[in-house]
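Please read the structure below before turning to the comments.
Numbering (the UniProt record's numbering), first residue to last: 1 to 215.
Shown next, in the form of structure tokens:
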């Protein structure tokens, strides 16, 4: 590799000398020798990397992922800023206010998580629940089941309220369970089915008397 670099340097010097009208002091035999760049890459790139990425247009009607509105796509084309820039903190604060409005809460611990649904659930459980603490989970779909499993694995005393997928819990049912178990309440606002329950009003009312985590 060192020899190839020296040969390349000699060729560049020869070219510069010719362009500036100087007499090259390099052997013509050296200039005529074929050369190629040395590389440690022995596996060729896959053909898929040599062509543009193509994503087909799809209409997605599930709970997520969903189609992105044009104005959001346009926003993605704006200049990139760092996660520690002042403007980014302002954007995150605006998002926080929007979530507080959607759930009708003034709780300061209203956060937007950058990650999957499991990321947010584990963050919520591990930062609000201690081992041995009582936790009430409303289960009307897969997300409630998963957060109950997470809480059990970390050693919490888990109490579940179970409904069939798409079912809902009334304020009275939740209030009775809170009075009985005095737990931290975890309630998933969606459960991978078309119906989104419990409602934000339920969460805001129960949060006044207990520690409530909504996702």
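Each residue gets a CB set at the ideal place from its N, CA and C atoms; glycine is no exception.
- Selection 125, 106 and 168 evaluated against residue 146 yields 125 as nearest (Cα-Cα).
- Each of 118, 100 and 60 was checked against the Cα of residue 110, and the nearest Cα belongs to 100.
- Cβ-Cβ separation between residue 135 and residue 184: approximately 5 Å, consistent with a contact (criterion under 8 Å).
- Under the three-state reduction of DSSP, residue 51 is assigned to coil, being neither helix nor strand.
- Collapsing the DSSP output to three states places residue 169 in coil.
- In the three-state DSSP reduction, residue 110 falls in the coil class, being neither helix nor strand.
- Between residue 154 and residue 137, the C-beta spacing is not below 8 Å.
- Contact annotation: residue 165 and residue 132 have beta-carbon atoms that are not nearer than 8 Å.
- At a Cβ-Cβ threshold of 8 Å, residue 91 and residue 121 do not count as neighbours.
- Between residue 89 and residue 148, the alpha-carbon positions lie close to 33 Å from each other.
- Non-local C-beta neighbours of residue 167 in its own chain, meaning closer than 6 Å and more than five positions away in sequence, comprise 140, ordered along the chain.
- Residue pairing by DSSP places residue 121 in no beta bridge whatsoever.
- Linking residue 157 to residue 188 through their CA atoms gives a straight-line distance of about 18 Å.
- The C-alpha of residue 56 lies about 48 Å from the C-alpha of residue 178.
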